[in-house]
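Residue numbers (the working numbering): 1 to 111.
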């Protein structure tokens, strides 16, 4: 097993809308292609930002890449994401409210 940790630091004003977008758009597509969400959490606002983190489980790094390829090829999903970007003022505006986005991969140390 391999785990992907995805973290965002966002403006507090976008938290509710971003969580809605995740639950209505991003999560269903990931699940459709086999990604397994372990959980998604957010920290309390600090210094005018909120950290949101998700942990995803995959059988392997190759499995993750295959799922991501399918997501990127899903034209209906891409259209929903683009519509959300437009609703939020476009990618230039989102740069001002999404302060940071990063991901890394974790391996269990439990035998």
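Yeah, the Cβ is synthetic: ideal placement off N, Cα and C, and Gly gets one too.
Range covered by the alpha helix (DSSP H) that runs through residue i
i	result
residue 66	61-73
residue 90	90-97
Cβ-Cβ separation, residue j to residue i (assumed contact under 8 Å), whole Å
i	j	result
residue 112	residue 58	Any answer about residue 112 is impossible in this case: the structure gives the chain only from 1 up to 111.
residue 98	residue 4	18 Å between Cβ atoms; not a contact.
residue 77	residue 29	4 Å
residue 11	residue 73	At roughly 31 Å, the Cβ-Cβ gap does not stay under 8 Å, so residue 11 and residue 73 are not in contact.
Per-residue DSSP class, three states only, for residue i
i	result
residue 108	coil
Whole runs of the beta strand (DSSP E) within the stretch 9-61, excluding any shorter than 3 residues: Restricting attention to beta strand (DSSP E) runs no shorter than 3 residues, the stretch 9-61 encloses them at 36-42 and 50-58, ordered along the chain.
Three or more C-beta pairs below 8 Å linking the stretch 67-79 and the stretch 30-44: With the rule of 3 Cβ pairs closer than 8 Å, the stretch 67-79 counts as touching the stretch 30-44.
At least three beta-carbon pairs within less than 8 Å, the stretch 41-57 to the stretch 5-14: With the cut-off at 8 Å, the stretch 41-57 and the stretch 5-14 touch.
Three or more C-beta pairs below 8 Å linking the stretch 35-48 and the stretch 75-95: When C-beta atoms of the stretch 35-48 are compared with those of the stretch 75-95, fewer than three pairs fall below 8 Å, so the two segments do not count as touching.
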